[in-house]
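>
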Amino acid sequence: MKNPLLEFYRDYLINSFALINATGLSLLLDNEYSHDQITRFLSSDEYTSRDLWVLSSRPSAPSKRTTVRLSSTTPSRKSPTAMKTK
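Under this note's numbering, think of the first position of the sequence shown as 2, with each following residue one higher.
1) How many angstroms separate the CA atom of Asn4 from the CA atom of Ala19?
2) What's the gap between the Cα of Asn32 and the Cα of Ala23?
3) Between the C-alpha atoms of Leu28 and Arg41, what's the straight-line distance to the nearest angstrom?
4) Terminal residues of the continuous alpha helix (DSSP H) containing Tyr10?
5) How about Leu6 and Tyr48: do their beta carbons lie closer than 8 angstroms?
6) As a quick exercise: from Ser50, Ser17, Ile21 and Asn16, pick the residue whose alpha carbon is nearest that of Ile39.
7) What does the Cβ neighbour count give for Leu14, buried or exposed, with the cut at 16 atoms within 10 Å?
What follows is the structure in structure tokens.
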């Protein structure tokens with residue numbers, strides 16, 4: 002059985018635009034996996050980027066999957082004209 006953490010990690014790598022770490026992935030997954038679990042998983046074997054891609058691309062039996070939505074929106078700021086008082 003494939004470890005679902007592998008797919009989460011792959012997606013995290015693909016969709017991140019900054020430095021990544023186990024704590025960041027843990028927070029993104031609402032602590033479903035602790036940063037220690039993520040670190041132990043990554044330390045359990047020596048993976049290359051090709052290994053991770055091949056392992057996570059293998060077909061598996063249908064399962065209930067957790068969806069992680071990454072948002073690229075930023076909080077809006079009031080325009081200078083909207084801040085003017087009457």
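Idealized CB from N, CA, C, for every residue including glycine.
The answer reads as follows:
1) For the purposes of this step, residue 4 is taken as residue 3 along the sequence shown, with counting starting at 1. For the purposes of this step, residue 19 is taken as residue 18 along the sequence shown, with counting starting at 1. Approximately 25 angstroms, taken between the alpha carbons.
2) In the sequence shown, counting from the first residue as 1, residue 32 sits at position 31. In the sequence shown, counting from the first residue as 1, residue 23 sits at position 22. Their Cα atoms are separated by approximately 11 angstroms.
3) Locating residue 28 in the sequence shown gives position 27, where the first residue counts as 1. Locating residue 41 in the sequence shown gives position 40, where the first residue counts as 1. Between Leu28 and Arg41, the C-alpha separation is close to 16 angstroms.
4) Mapped onto the sequence shown, residue 10 falls at position 9. Segment Pro5 to Asn16, the alpha helix (DSSP H) holding Tyr10.
5) Stepping through the sequence shown from its first residue, residue 6 is reached at position 5. Stepping through the sequence shown from its first residue, residue 48 is reached at position 47. No, these two residues do not count as a Cβ contact at 8 angstroms.
6) Indexing the sequence shown from 1 puts residue 39 at position 38. The shortest Cα separation from Ile39 among Ser50, Ser17, Ile21 and Asn16 belongs to Ile21.
7) In the sequence shown, counting from the first residue as 1, residue 14 sits at position 13. Its Cβ having fewer than 16 others within 10 Å, Leu14 is exposed.
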